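Numbering (our numbering), first residue to last: 8 to 143.
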């Protein structure tokens, strides 16, 4: 669990170009929310994550979208469902998450697993590619 904000760099290759992404991982705790607007200012893209095994993780999605877009209108947002390795009959339905993707105009929706690594590299590559399209 992230407390406050953590920073890391991720290098990805997009169409033969090496791209270095600076990732700011925001914790979801309410008492850190006033700081998030300042941290998000100037972002070129966003990864918006929710837990596929907990439908309640989508309850505050609009708040997070507003934080992302307030000072960065039009930035590409990649919608990521986490814990792909733990899917069961109680997991969030794909149709429901696709509705969110379309409603909020996320450029892509992808399910990932931090545990197995499934689709994690692809998520960073998709985001980098979309950011490049916006700035070139």
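C-beta atoms are modelled at their ideal positions from N, C-alpha and C, and glycine is treated no differently.
Note that the structure is predicted; figures quoted are calculated from it, not measured.
| Query | Result |
| --- | --- |
| Own chain residues within Cβ distance below 7 Å of residue 108, not counting five before or after | 86 and 116 |
| CB of residue 43 within 8 Å of CB of residue 29, strictly | no |
| Pairwise C-alpha distance: residue 54 and residue 46 | 14 Å |
| Beta-carbon proximity of residue 91 to residue 59, cut-off 8 Å | yes |
| Helix, strand or coil at residue 30 [DSSP, three-state] | strand |
| Residues bridged to residue 115 [DSSP beta-bridge criterion] | 85 |
| Cβ-Cβ distance between residue 21 and residue 130 below 8 Å | no |
| Collapsed DSSP secondary structure at residue 20 in the structure displayed | strand |
| Boundaries (first-last residue) of the beta strand (DSSP E) holding residue 55 | 53 to 58 |
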